[in-house]
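Contents: one structure, followed by commentary.
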Amino acid sequence: MYRYDEFDERFVRERVAQFRAQVTRRLEGSLTEDEFKPLRLKNGVYLQLHAYMLRIAIPYGTLNSRQLRQLAVIADKYDRGYGHFTTRQNIQFNWPKLRDIPDILELLADVEMHCIQTSGNCIRNVTSDHFAGAAADEIEDPRPTAELIRQWSSLHPEFDYLPRKFKIAVTGADHDRAATKAHDIGLRVQRHPDTHEIGYEVMVGGGLGRTPMIGKVVREFLPKKDLLAYLEAIMRVYNLEGRRDNKYKARVKILVHEIGAEEFTRRVEAEFARLDGASVNADPEEVARIAAYFAPPAFQTLPARSTKLEAYKAMNPAFARFVENNVTAHRAPGYAAVTVSLKEIGAAPGDITSDQLRAAADLTERFSFDEARISHHQNLVLPHVRQDDLFALWQALGAAGLATANVGLITDIIACPGLDYCALATARSIPIAQAIAKRFADEKRQALIGALGIKISGCINACGHHHVGHIGILGLEKNGVENYQITLGGDATEKAALGERLGPGIDGEDVPEAIERIVAVYLAERREGEVFIDAVRRLGLGPFKAAFQTLTGQEARHAAA
Amino acid sequence: MAVPKRPPLPLILLANDLLDGDVVFRTASGGWTRDPADALIARDEATADRLESEAAATMRNNEVVDAYVVDVSVGADGAPTPNHFRERFKTLGPSNRPDLGKQAEFARRSPHVPL
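Protein chains in written order, with the working numbering: chain A, 946 to 1506; chain B, 2 to 116.
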């Protein structure tokens, strides 16, 4: 894991001291809210519906046990005993008091964490594949790249006042688990087809929100050494030409869309040719220094298959189900990556209690070389577990209420905080997720339905990634009540696609039944071994729309009666 | 930008406390309460004018942030309930956590409308 050097440490501590002084001046009355707001937002402090909210960066989703324990301390001492993991691999606390936030930032700095650039019109926390360094299908660990971008983009003076926020995601595997095509910049580590040299495919202009777009490829192969200069060229084109006249048209996706990917690429390449790459690109020694922090842990030499694991699976069906759903193949023989679901039936997606944070810290230390990850699916990952240890880990997870075996299934729902917490939301998300999870709680039924991702947002800003959900749900207000639009066919992976609306919006209480009818069409029409999203692609929206209309039609009749 | 139209009577003034972020309500005595049942309910234009001018003044004085008036219905017990669901949540707390927020602190408040 990356460790702060002297410069990082000093930088973060200075920032805490600055914010402490700013809060003091705010509380004394020498800063107005208008003056203070941009300062607090630069340190991750929002004002939400019920209280302030603090968003803490977890760079590329990687954490160790010490950090998990510190988050538990903060949750207990300064919040209400829980935190919320977000779709950008951050953690949010929902109830901090403004006067306490400088002390919280100090506690974070003690464990090499901070809230810098978790808000505002800057380059935000760089996200990555939660199985980075563990995935069997990985070409290269994407985290050294993500860390390099983090260092380059942190307080970069030229990119501190962008037209709008800017999100970068990096993946190092064939299968895209980092939703790179839904980011302002998506980077995919690639091997050059002829030279086998490692480089990047560069995509720009993806994003969700009000105007969802899939990222466009602007460079099929960028040599690794040119990364920062090329990113700088993209940022310069955006910084100069991104629309500052209209907040809703200010993201880079709008610029790419308005001038076209070809013209955008031409401008980026021209800027890239003009700038002095050598002065921007990282020194190879520095790149090597960063990469060394992400060297694989000291894996033991183990047989590829664990006989112990097979024996436990044969003896215990519940454990076998957990392995089936929550355990992923690892690049090192005899190891596995374990996804700890934070989607217990009836729970708020992504919420974790301080006790669970401490349990996760202990298990991270004991079973996973002191490394944990947060996924953009709002789950926790122990990336490096010996297959021989899976049974003991599962038992310990069970004791902490963390053994829900539903990863990738219909109850593993992504949901933003929605109107239960968020000041921007137009409708609630969490109760919709809870109602769907309860409806589909039966484990046999979940297994029968198989892989199906539901994503819920409580407003058009799309923090819940609803556009790229296999089934997407968007909460809006209609005539003074909460109303939900259902979309179908979205995909966040390398086959990225935006979902299409099935019909008119429906009441919250009808959402589980709508999902039920969509699932019924799939179960009736699917071919042998065909997962939900593939069936939707093959069948098109027609049969699903027809089934959905039986629900909305019924409602209309009911209303007329 | 046009000045937003004031919501219809009766209405209350709510805000977030500067120090704590807590939702607070303007009282008849010109202070703030955390309990919505103790909020001053403006039933005439003059009181509504007063609340609006207090909203601006108290934000300028750095007592509160995000102060604005919302229209309410007054229950049989005399307590105000905002007419819009957003502000109803604001006066209750997260609907998935009845143990948190004002719904827990002031248990006499009516519960959330279940989904």
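Glycine included, every Cβ here is placed at the ideal spot set by N, Cα and C. Source: prediction; values computed, not measured.
**OP:** Give the residues of chain A in contact with Val24 (chain B), contact being defined as C-beta atoms less than 9 angstroms apart.
**Re:** For this step, residue 24 (chain B) is matched to residue 23 along the second sequence. Within chain A, the residues near Val24 (chain B) are Leu994, His995 and Ala996.
What residue from A:Asn1039, A:Ala1441 and A:Ile1451 has the CA that sits closest to Tyr1366 (chain A)'s CA?
Position 421 of the first sequence, counted from the first residue, corresponds to residue 1366 (chain A). Answer by Cα proximity: A:Asn1039.
| With a cut-off of 8 angstroms, does the C-beta of Glu1475 (chain A) fall near any C-beta of chain B? | Within the first sequence, numbered from 1, the residue matching residue 1475 (chain A) stands at position 530. Taking Cβ atoms only, chain B never reaches closer than 8 angstroms to Glu1475 (chain A), which makes this a no.
_Whole-Å CB distance - Gly1434 (chain A) paired with Leu1486 (chain A), under 8 angstroms assumed_ = Position 489 of the first sequence, counted from the first residue, corresponds to residue 1434 (chain A). Position 541 of the first sequence, counted from the first residue, corresponds to residue 1486 (chain A). Sure, about 7 angstroms apart at Cβ, within 8 angstroms.
- Query: Mind listing which residues of the region 28-40 of chain B have their C-beta closer than 8 angstroms to chain A's C-betas, in chain order?
  - Reply: none
Open item on the list: Relative to the C-alpha of Ala1215 (chain A), which candidate in A:Ala1174, A:Pro1241, A:Glu1255 and A:Ala1240 has its C-alpha closest?
Closed with: Start at 1 with the first residue of the first sequence, and residue 1215 (chain A) comes out as number 270. Selected option, being the one with the closest Cα: A:Ala1174.
Ordered along the chain, which non-local residues of its own chain (more than five positions away) have a Cβ less than 7 angstroms from that of Leu1052 (chain A)? For this step, residue 1052 (chain A) is matched to residue 107 along the first sequence. Here the set comprises Gln1015, Val1018 and Ile1019.
- Query: Is Val957 (chain A) helix, strand or coil by DSSP?
  - Reply: Residue mapping note: residue 957 (chain A) aligns to position 12 of the first sequence, counting from 1. Residue state, collapsed to three classes: helix.
Q. How long is the line joining the alpha carbons of Ala1317 (chain A) and Pro1004 (chain A), rounded to whole angstroms?
A. The sequence position of residue 1317 (chain A) within the first sequence is 372, counting from 1. The sequence position of residue 1004 (chain A) within the first sequence is 59, counting from 1. Taking the straight line from one Cα to the other gives about 12 angstroms.
DSSP state of Val114 (chain B), grouped into three classes?
For this step, residue 114 (chain B) is matched to residue 113 along the second sequence. Residue placement at Val114 (chain B) cannot be trusted, given a pLDDT of 48 that sits under 50; what the coordinates show is reported in the next sentence. In the structure shown, Val114 (chain B) sits in coil (DSSP, three-state: anything other than H, G, I, E or B).
**OP:** Using the Cα positions of Leu976 (chain A) and Arg970 (chain A), report the straight-line distance between them to the nearest angstrom.
**Re:** Numbered from 1 along the first sequence, position 31 holds the residue referred to as residue 976 (chain A). Numbered from 1 along the first sequence, position 25 holds the residue referred to as residue 970 (chain A). When rounded, the distance between both Cα atoms is 6 angstroms.
- Message: Strictly under 8 angstroms for the Cβ-Cβ distance: is Lys1042 (chain A) near chain B by that measure?
- Response: Here the question's residue 1042 (chain A) lines up with position 97 in the first sequence. Chain B contact via Cβ: present.
- Where Gly1343 (chain A) and Thr1349 (chain A) are concerned, what is the direct C-alpha to C-alpha distance, given to the nearest angstrom? Here residue 1343 (chain A) refers to the residue found at position 398 of the first sequence. Here residue 1349 (chain A) refers to the residue found at position 404 of the first sequence. Taking the straight line from one Cα to the other gives about 8 angstroms.
**OP:** Taking 8 angstroms as the threshold, find out whether the region 991-1009 of chain A comes into contact with the region 1282-1291 of chain A through three or more Cβ pairs.
**Re:** Under the three-pair Cβ rule at 8 angstroms, the region 991-1009 of chain A does not count as touching the region 1282-1291 of chain A.
Span separating the alpha-carbon of Thr1072 (chain A) from that of Gly1291 (chain A)
Within the first sequence, residue 1072 (chain A) is the residue found at index 127, counting from 1. Within the first sequence, residue 1291 (chain A) is the residue found at index 346, counting from 1. Taking the straight line joining both Cα atoms gives about 28 angstroms.
TODO: Rounded to whole angstroms, what's the CA-CA distance from Gln1034 (chain A) to Ala1407 (chain A)? Just pull it up for me.
DONE: Position 89 of the first sequence, counted from the first residue, corresponds to residue 1034 (chain A). Position 462 of the first sequence, counted from the first residue, corresponds to residue 1407 (chain A). One C-alpha to the other measures close to 15 angstroms.
(Q) Using a 10 Å radius around the Cβ and a threshold of 16 neighbouring Cβ atoms, would you call Tyr1280 (chain A) buried or exposed? (A) For the purposes of this step, residue 1280 (chain A) is taken as residue 335 along the first sequence, with counting starting at 1. With 16 or more other Cβ atoms within 10 Å, it is buried.
What residues from chain A crowd round Lys91 (chain B), counting only those whose CB sits closer than 8 angstroms? By 1-based counting over the second sequence, the position of residue 91 (chain B) is 90. Correct list: Leu994 and His995.
- Short Cβ contact (8 angstroms threshold) for Pro11 (chain B) with Ala38 (chain B): Counting from 1 along the second sequence, the entry for residue 11 (chain B) is found at position 10. Counting from 1 along the second sequence, the entry for residue 38 (chain B) is found at position 37. No, they are not a contact pair.
Q. Can you list the residues of chain B that Arg1373 (chain A) reaches, using a CB-CB cut of under 7 angstroms?
A. Counted from its first residue, the first sequence places residue 1373 (chain A) at position 428. Going along chain B in sequence order, the residues near Arg1373 (chain A) (Cβ under 7 angstroms) are Ser96.
- Hey, would you say Asn17 (chain B) sits closer than 8 angstroms to Leu992 (chain A), going by beta carbons? Position 16 of the second sequence, counting from 1, holds the residue named residue 17 (chain B). Position 47 of the first sequence, counting from 1, holds the residue named residue 992 (chain A). Yes. Within cutoff.
Checklist line | Under 8 angstroms between C-beta atoms of Gly1154 (chain A) and Ile1405 (chain A) | finding: Along the first sequence, one-based indexing puts residue 1154 (chain A) at 209. Along the first sequence, one-based indexing puts residue 1405 (chain A) at 460. A contact, by the Cβ cut-off of 8 angstroms.
Quiz prompt | Straight-line gap, Asn911 (chain A) to Pro1102 (chain A) (C-alpha atoms, nearest Å) | solution = Past the boundaries of the shown model lies residue 911 (chain A); chain A is included only from 946 to 1506, so the question cannot be answered.
Answer yes or no: does any C-beta atom of chain A fall closer than 8 angstroms to that of Asp10 (chain B)? As a working note, residue 10 (chain B) is residue 9 in the second sequence. Note that residue 10 (chain B) is Leu in the sequence shown, not Asp. For Leu10 (chain B), the answer is no, since every Cβ of chain A falls outside 8 angstroms of its Cβ.
Quick one, are the C-beta atoms of Phe1336 (chain A) and Phe1264 (chain A) less than 8 angstroms apart? Locating residue 1336 (chain A) in the first sequence gives position 391, counting from the first residue. Locating residue 1264 (chain A) in the first sequence gives position 319, counting from the first residue. Taking 8 angstroms as the Cβ cut-off, Phe1336 (chain A) and Phe1264 (chain A) qualify as a contacting pair.
**Study point:** Spatial distance of Gln1494 (chain A) from His1412 (chain A) (CA atoms)
**Key:** By 1-based counting over the first sequence, the position of residue 1494 (chain A) is 549. By 1-based counting over the first sequence, the position of residue 1412 (chain A) is 467. Going by the C-alpha atoms only, they are around 20 angstroms apart.
Check your understanding: Within 7 angstroms: the Cβ of Ala43 (chain B) and any heavy atom of the ligand NAP?
Key -> As presented, the structure is devoid of all ligands, the ligand NAP included, so that no description of it is given.
What distance in whole Å lies between the Cβ atoms of Ala1306 (chain A) and Ser1010 (chain A), which are believed to be in contact at a cut-off of 8 angstroms? Counted from its first residue, the first sequence places residue 1010 (chain A) at position 65. Counted from its first residue, the first sequence places residue 1306 (chain A) at position 361. With 8 angstroms as the limit, Ser1010 (chain A) and Ala1306 (chain A) qualify as a contact, their Cβ atoms being about 4 angstroms apart.
Note to self: Threshold first: 4 residues or longer. Then list the alpha helix (DSSP H) segments lying entirely within the region 1088-1143 of chain A, N to C.
What the structure shows: 1088-1098
**Asked** Hey, would you say Leu1447 (chain A) sits closer than 8 angstroms to Phe1489 (chain A), going by beta carbons?
**Response** For the purposes of this step, residue 1447 (chain A) is identified with residue 502 of the first sequence, where counting begins at 1. For the purposes of this step, residue 1489 (chain A) is identified with residue 544 of the first sequence, where counting begins at 1. Yes, the pair counts as a contact, with Cβ atoms nearer than the cut-off.
Exercise. Using the C-alpha atoms, what's the distance from Leu1093 (chain A) back to Asp950 (chain A)?
Worked result: Position 5 of the first sequence, counted from the first residue, corresponds to residue 950 (chain A). Position 148 of the first sequence, counted from the first residue, corresponds to residue 1093 (chain A). So the alpha carbons of these two residues sit roughly 14 angstroms apart.
Is the Cβ of Leu122 (chain B) closer than 8 angstroms to any Cβ of chain A? Residue 122 (chain B) lies beyond the range of chain B shown here (2 to 116); nothing can be said about it.
- How should Arg1250 (chain A) be labelled, buried or exposed, when 16 other C-beta atoms within 10 angstroms of its C-beta is the threshold for buried? Position 305 of the first sequence, counted from the start, is the residue given in the question as residue 1250 (chain A). Classification for Arg1250 (chain A): exposed.
Item to check | Cα-Cα separation between Ala1573 (chain A) and Ala1127 (chain A), rounded to whole angstroms | outcome: No information on residue 1573 (chain A) is available, as it lies outside the stretch 946 to 1506 that chain A covers here.
| For Thr1252 (chain A), the first and last residue of its enclosing alpha helix (DSSP H) | Within the first sequence, residue 1252 (chain A) is the residue found at index 307, counting from 1. Residue range Thr1252 to Met1260 is occupied by the alpha helix (DSSP H) that includes Thr1252 (chain A).
- Query: Span of the beta strand (DSSP E) holding Asp18 (chain B)?
  - Reply: Walking along the second sequence from the start, residue 18 (chain B) turns up at place 17. Counted as a single uninterrupted DSSP element, the beta strand (DSSP E) harbouring Asp18 (chain B) occupies residues Leu12 to Asp18.
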